[in-house]
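Numbering that gives the first Met the number 0 puts the first residue of the sequence shown at 0, with every later residue one more than the last. Notes for the one structure printed next.
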Amino acid sequence: MKQLGILDSAFVNLEQTNTPQHVGGIGIYDPSTAPGGFVRFKDVIASFERRLGNLPLFRTRLVEVPGGLDRPYWIKDANFDVEFHLRHIALPEPGDWRQLCIQTARLHSRPLDMSRPLWEAYIIEGLDNIPNLPKGCFAVYTKMHHSLVDGAGGSSFITAIHDLVPNPGPATELDVEPRLVDTAPTVNELLTKATLNSVKNAAQLVTGTVKNTRELGKYALGIARKEIPAPDISAPRTRLNKPVGPHRVFDAAEFPLDGFKDIKNAAGVTVNDVALGVIGGALSRYLESKGESPKEGSLAAAMPLNMRTRRGLTQENNQVGSVFASLHTQVKDPIERLTAIRQSTEEAKINGEASPLVDALKLAGVFSPVISKSLAGFWSRNALSKHIPVNISTCISNVAGPDFPLYCAGAKMVDYFGLGVLTPGMGIFHLVFSYSGKLTLSVLADRDIMSDPEFYHDCLVASYEELYAAAINMGTLRAKSTDIAAKAKIKSPRRKRASTATRKSRPKNASIQKKTVKKAKPIAKKPLTAKAPRGTKAAAKKKVAARPSIRAAATRPKVTRRESGSPKPKLV
């Protein structure tokens with residue numbers, strides 16, 4: 000049994016219905032590399048079970064202290080069942096990119112069951128109408144609570160659940176650690192520990208408050224004397240800062256990693272700076288299309304920092320801080336904007352690491368859960384973020400994945416897209432992920448804030464192409480003209496072909512019926528003949544003959560049976 004650290008506990012305390020605190024990702028796999036050329040669901044289960052055997056953290060569950068008097072504990076779950084956490088679903092026909100994005104957004108919007116180990120995975124089939132993917136591909140969507148992993152930890156988890164070769168062979172007994180479980184603590188044990196910890200936590204709170212107040216005073220004095228730059232936390236308010244609801248949208252764009260490196264080398268910046276430049280340009284285009292471009296000032300971004308490389312390792316699962324940088328969206332020239340971003344990120348990393356604001360998230364974990372959860376709920380319900388002067392446009396996380404292929408149950412991972420966390424007052428999250436020569440820019444947003452993610456995808460592509468064209472004009476790219484041409488334009492045929500596939504799946508006679516019904520003539524009214532006396536056959540015949548003939552008055556559309564093998568109408 001292990002108690003959660005302050006930052007890990009913060010993510011548990013911040014869990015709300017509209018802002019669940021889990022991260023995720025979706026990988027797409029080619030089964031042709033697996034033994035036999037196909038993968039069964041039980042093969043994926045066996046692969047996960049084998050790999051998770053040496054990751055006891057993903058077999059642990061939370062145990063809350065009664066009354067929320069102390070931070071919760073991790074215990075190894077004696078009832079852990081990997082099949083509960085792995086679900087098997089399929090996209091409806093036609094199975095295109097748009098449907099995969101919608102399904103991913105729906106899965107990511109649902110909170111995790113906090114009474115079980117805090118992760119889930121979904122194997123998704125039916126991707127056959129997504130172009131540029133091998134036949135028979137499937138996707139695996141995973142989500143893990145942020146108290147389990149941060150960005151760097153999530154990248155390690157991705158590597159841990161994959162193999163480096165298609166067929167790794169059976170695991171030996173030496174490779175598998177013994178599966179230990181914990182006995183669930185009683186209420187008396189938890190309350191006793193909470194009483195003892197309350198004294199220790201109170202002392203730490205006092206000393207920490209004094210230290211942070213002193214550091215914050217020094218930081219504010221340095222800003223007042225203009226010895227250090229002020230953090231970029233006063234971006235103009237836009238639709239991106241509206242209150243966050245429970246629904247999500249997702250989309251992603253894929254780029255050649257070499258294209259980003261070409262821009263980096265031409266402008267003398269980093270790949271991360273190029274990603275910020277592309278995202279800043281895309282956000283500007285998107286807001287401009289809505290007629291909501293900021294009249295003054297620039298959009299700003301929060302950037303998570305891996306504190307493991309800066310402060311050394313600790314026992315917490317999360318070792319992350321945040322710094323803030325301007326995206327300089329008011330600068331129109333793409334290269335000048337990129338140079339300004341480079342300066343802002345350098346200042347943010349140098350001065351931001353020493354700032355008390357880098358650990359601001361820990362405030363949610365310092366106090367007992369009964370206080371932190373109540374405050375977080377009150378803040379979220381009343382949308383208090385719109386009343387404070389601090390304002391951030393988006394969060395941009397850059398996670399470096401492996402530069403070699405990974406395999407799950409023998410299937411090669413061909414694409415990977417990451418998903419982050421939305422917070423009250425910041426309704427859009429970008430995740431940059433590099434893997435095996437590709438770089439993906441994923442966007443997760445509130446559905447009311449960004450109702451057209453496919454258009455924002457086009458904004459990302461256009462922003463990249465603008466930057467690459469500006470890098471070409473500098474005349475410093477050292478590459479073959481054919482290579483430059485291949486990286487200068489990003490072909491995105493997925494939506495175009497998917498919409499064509501959708502049209503093909505529609506029954507042929509649907510448009511014909513609609514057209515025929517439209518041309519149908521109104522029923523002509525004919526004058527009725529005089530009534531014949533009742534009780535005679537002749538009178539009855541004359542009465543029938545006097546009725547207007549419906550067939551003669553209007554031509555009904557001809558309804559034919561669906562031919563064998565023709566696609567059946569489906570709801571899209």
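From the three backbone atoms N, C-alpha and C, an ideal C-beta is built for every residue, glycine too. Computed from a predicted structure; not experimentally measured.
- Message: Which residue marks the beginning of the alpha helix (DSSP H) containing G258, and which one marks its end?
- Response: Here residue 258 refers to the residue found at position 259 of the sequence shown. Note, G258: alpha helix (DSSP H), 256 to 266.
- Message: Can you check which of these residues, D80, Y455, K437, is closest to I239 by C-alpha distance?
- Response: Here residue 239 refers to the residue found at position 240 of the sequence shown. According to the sequence shown, residue 239 is Leu rather than Ile. The candidate whose alpha carbon is nearest that of L239 is Y455.
- Task: Could you give the DSSP three-state label for T501: helix, strand or coil?
- Result: For the purposes of this step, residue 501 is taken as the residue at position 502 of the sequence shown. Low local confidence applies: a pLDDT of 41 at T501 is under 50, so the model's placement there is unreliable, with the coordinate-based value given in what follows. Reduced to three states, the DSSP call for T501 is helix.
- Within 7 angstroms, strictly: CB atoms of F323 and A339: Taking the first residue of the sequence shown as position 1, residue 323 is located at position 324. Taking the first residue of the sequence shown as position 1, residue 339 is located at position 340. No, they are not a contact pair.
- Query: How far does the alpha helix (DSSP H) with V50 in it reach, from first residue to last?
  - Reply: Counting from 1 along the sequence shown, the entry for residue 50 is found at position 51. Looking at the sequence shown, residue 50 is not Val but Arg. Start and end: 40 to 51.
- When the Cα atoms are used, what is the spatial distance from A33 to I27? By one-based count along the sequence shown, residue 33 stands at place 34. By one-based count along the sequence shown, residue 27 stands at place 28. Taking the straight line from one Cα to the other gives about 14 angstroms.
- Message: Taking its Cβ as the centre, do 16 or more other Cβ atoms sit within 10 Å of I349, making it buried, or is it exposed?
- Response: As a working note, residue 349 is residue 350 in the sequence shown. Looking at its Cβ environment, which holds fewer than 16 other Cβ atoms inside 10 Å, I349 is exposed.
- Query: A523: buried (16+ other C-beta within 10 angstroms of its C-beta) or exposed?
  - Reply: Mapped onto the sequence shown, residue 523 falls at position 524. Any reading at A523 is ruled out, since the residue's pLDDT is 48, under 50, leaving its predicted position unreliable.
- Task: Name the one or two DSSP bridge partners that G23 has.
- Result: Start at 1 with the first residue of the sequence shown, and residue 23 comes out as number 24. Its beta-bridge partners are K142, L418.
- Enumerated in chain order, which unbroken segments of the beta strand (DSSP E) with a length of 3 residues or greater are wholly contained in the region 68 to 128? 72 to 75, 85 to 89, 118 to 124
- Message: Quick check on S197: buried or exposed, where buried means 16 or more other Cβ atoms within 10 Å of its Cβ?
- Response: Locating residue 197 in the sequence shown gives position 198, counting from the first residue. It counts as exposed.
- Task: Determine the direct distance from the alpha carbon of R105 to that of P93, and round the result to whole angstroms.
- Result: In the sequence shown, counting from the first residue as 1, residue 93 sits at position 94. In the sequence shown, counting from the first residue as 1, residue 105 sits at position 106. Cα to Cα, the separation comes out at about 18 angstroms.
- Query: Looking at E48 and V11, is the spacing between their C-beta atoms short of 7 angstroms?
  - Reply: Translated into the one-based positions of the sequence shown, residue 11 becomes position 12. Translated into the one-based positions of the sequence shown, residue 48 becomes position 49. Result no, Cβ atoms of V11 and E48 do not sit closer than 7 angstroms.
- Query: Just curious, the alpha helix (DSSP H) that S609 is in, first and last residue?
  - Reply: The structure shown does not extend to residue 609, since the chain spans only 0 to 571, so no value can be given for it.
- Message: So, under 8 angstroms CB-CB, I123 and A138 are touching, yes? Tell me the CB distance rounded to an integer number of Å.
- Response: Within the sequence shown, numbered from 1, the residue matching residue 123 stands at position 124. Within the sequence shown, numbered from 1, the residue matching residue 138 stands at position 139. Contact flag correct, Cβ pair sits at about 4 angstroms.
- Task: Starting from C136, follow the beta strand (DSSP E) in both directions and report where the run begins and ends.
- Result: Locating residue 136 in the sequence shown gives position 137, where the first residue counts as 1. It is not in any beta strand (DSSP E) - C136 carries neither H nor E in the DSSP assignment.
- Message: Considering just the uninterrupted stretch of the beta strand (DSSP E) at P303, what are its terminal residues?
- Response: The residue given as residue 303 occupies position 304 in the sequence shown. Element bounds for P303: 299 to 305.
- Could you tell me if D149 is buried or exposed, where buried requires 16 or more neighbouring beta carbons within 10 angstroms of its beta carbon? Here the question's residue 149 lines up with position 150 in the sequence shown. D149 should be labelled buried.
- Ordered list of alpha helix (DSSP H) runs contained in the region 325 to 385, each at least 4 residues: 333 to 351, 362 to 365, 368 to 380
- Answer yes if the region 435 to 444 comes into contact with the region 249 to 263, meaning at least three C-beta pairs across the two stretches below 8 angstroms, and no otherwise. yes
- Just checking my contact of P165 with G409 at CB under 8 angstroms: how many whole Å lie between their CB atoms? For this step, residue 165 is matched to residue 166 along the sequence shown. For this step, residue 409 is matched to residue 410 along the sequence shown. Rounded, the Cβ-Cβ distance is 5 angstroms, consistent with contact.
- Query: Roughly how many whole angstroms lie between the Cα atoms of A375 and T158?
  - Reply: What you label residue 375 is simply residue 376 of the sequence shown in a count that begins at 1. What you label residue 158 is simply residue 159 of the sequence shown in a count that begins at 1. Taking the straight line joining both Cα atoms gives about 34 angstroms.
- Message: Let me check understanding here. Comparing Cα to Cα, which of P184, P65, I334, N305 lies closest to G320?
- Response: In the sequence shown, counting from the first residue as 1, residue 320 sits at position 321. Nearest option by C-alpha distance: N305.
- Task: Determine, using beta-carbon pairs with one atom in the region 282 to 296 and one in the region 411 to 421, whether at least three such pairs fall under 8 angstroms.
- Result: no
- Item | Reference I278, options L459, S371, V243, V180, closest by Cα | To locate residue 278, count along the sequence shown from 1; it is residue 279. Ranking L459, S371, V243, V180 by Cα distance to I278 puts L459 first.
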